[in-house]
Amino acid sequence: MNIDYSRQYSIWHSDSPEHIENMKIYYEKLLMPYIPRDKNSFILDVGCGMGFSLIALKDMGFKNIEGIDIDSKQIQSCLNKMLNVTLVEDSIEYLSKKEDTYDMILAFDVIEHVPHQYQLEFVTAIQKAIRSDGILVCTVPNANSTLASRWRYIDWTHHISFTEHSLDFLLYNAGFKNVRVFETEFFQAPRLSSIFSHLILTKCFWSSVIHWFCFRSVRALRRIEMIAELGWGQGKVIPLSLNILATADKRS
């Protein structure tokens, strides 16, 4: 059965110049700690969507970047942006032909869309496609977050959400080593520099301040809940962001 995923994706994303620029900035900040130094590195974005991370990488000077996706409309969006992308029917089959090809593979908000019984095979195919000194960077819905249930079921094509432990388990059993899991935030604090500029007089600035205050308050209450339920040792370190981000490599 063919599914038009653009119906879901368009809730959050568009091809407007303003949105493309905002997403490019978001991915530049997200990727900066993990990108290779060599601008000639081979990088694959699995589930590239409308190409926002590819645009960020291209803007950062990387030359050998490509993306794959199973949705034709999102691939067409990428092609309209002159990005190097491929429409695939089977991501596992595609990856199996790319063994030891990439220095970095990205899988942002992808693994949760793979049926549970195929996830290990899928991530193993990613692991084999990465070179011995390469790295995987991925994000998935966080089952620890305050909105975990909504984030899990907000998309009909989601099959699962993850904790830091279940994501580590999956990546490790796919053959990855040195798995690390982090919080990753969509919402950024208001810039302090805005306080000393004309922006402090705008409604947008004060809306962001109120939003930030509510965000930090709810997050603090969630942290207290975790500590109360699980004790200080566990409760203080559990990631609480809507998504969690993992990096993994093949080094022993």
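Residues are numbered in the working numbering as their position in the sequence shown, beginning at 1, plus a constant of 35.
Virtual Cβ for every residue (Gly too), placed ideally from N, Cα, C.
Backbone secondary structure at residue i - three-state DSSP
i      : result
Arg257 : helix
Phe211 : coil
Thr136 : coil
Arg286 : coil
Val244 : helix
Phe77  : strand
Asp190 : coil
Leu141 : strand
Glu147 : helix
Ile46  : coil
Arg166 : strand
Closest residue to residue i among the options (Cα-Cα distance)
i      : options                       : result
His257 : Ser180, Leu89, Val216         : According to the sequence as given, residue 257 is Arg; it is not His. With distances taken between Cα atoms, Arg257 lies closest to Ser180.
Thr198 : Leu92, Gly84, Ala281          : Ala281
Ile103 : Lys74, Gln43, Val145, Asp138  : Val145
Ala91  : Lys64, Cys173, Ile110         : Lys64
Ile127 : Gln154, Lys212, Arg254, Lys98 : Gln154
Gln43  : Met261, His193, Ser242        : His193
Alpha-carbon to alpha-carbon, residue j and residue i
i      : j      : result
Tyr40  : Lys108 : 8 Å
Gly268 : Leu277 : 21 Å
Trp186 : Glu218 : 15 Å
Ala164 : Ala283 : 13 Å
Ile259 : Ile78  : 40 Å
Tyr129 : Phe157 : 10 Å
Leu141 : Ile100 : 11 Å
Ser112 : His54  : 14 Å
Beta bridge counterpart(s) of residue i as assigned by DSSP
i      : result
Phe197 : Asn177
Thr219 : Asn278
Thr121 : Ile103
Val172 : Leu141, Thr282
Integer-rounded CB distance, given that residue j should sit under 8 Å from residue i
i      : j      : result
Thr159 : Gly210 : 6 Å
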